[in-house]
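Enquirer: Dumping the structure here so I can ask a few things about it.
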Amino acid sequence: TAEDHMLSVRANTGMRLKQIDDVAERRDGDEIALADNISKLRETDFTDAISRLTLQSTALEAAQKSMLRIQGLSLFDKLG
1 TAEDHMLSVR
11 ANTGMRLKQI
21 DDVAERRDGD
31 EIALADNISK
41 LRETDFTDAI
51 SRLTLQSTAL
61 EAAQKSMLRI
71 QGLSLFDKLG
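Here's what the structure looks like:
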């Protein structure tokens with residue numbers, strides 16, 4: 001009937017409006033996150049960041065080399 005069709009159209013319209021609202025809400029959240037990231041980048045001391053990254057990379061490399069040495073030891077090496 002016409003009434004059923006009208007109810008179906010209204011339901012579909014409501015569903016689409018909800019989807020639009022959800023997308024708009026996600027977009028707003030993304031805009032806030034992007035603005036925050038831009039702000040952090042502008043405030044970053046890149047010399048300090050590079051220095052910290054180099055230090056962390058060196059520490060990671062040392063830990064990896066130690067782990068490789070430990071894994072290479074046999075039970076007899078550990079007992080001897």
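Numbered according to this note's numbering, the sequence shown spans residues 1 to 80.
Using N, Cα and C, we set each Cβ at its ideal position, and we do this for glycine too.
(1) Roughly how many whole angstroms lie between the Cα atoms of residue 67 and residue 51?
(2) With residue 66 as the anchor, note down where its alpha helix (DSSP H) starts and where it stops.
(3) Rounded to whole angstroms, what is the Cα-Cα separation between residue 27 and residue 16?
(4) When the Cα atoms are used, what is the spatial distance from residue 10 to residue 3?
(5) Between residue 32 and residue 72, what straight-line distance do the alpha-carbon atoms span, to the nearest angstrom?
Expert: Judging by the given coordinates:
(1) The C-alpha of residue 67 lies about 24 Å from the C-alpha of residue 51.
(2) Following the DSSP letters along the chain, one finds residue 66 inside the alpha helix (DSSP H) bounded by residues 46 to 72.
(3) Taking the straight line from one Cα to the other gives about 16 Å.
(4) Rounded to the nearest angstrom, the two C-alpha atoms are 11 Å apart.
(5) If you take the alpha carbons of residue 32 and residue 72, they lie about 49 Å apart.
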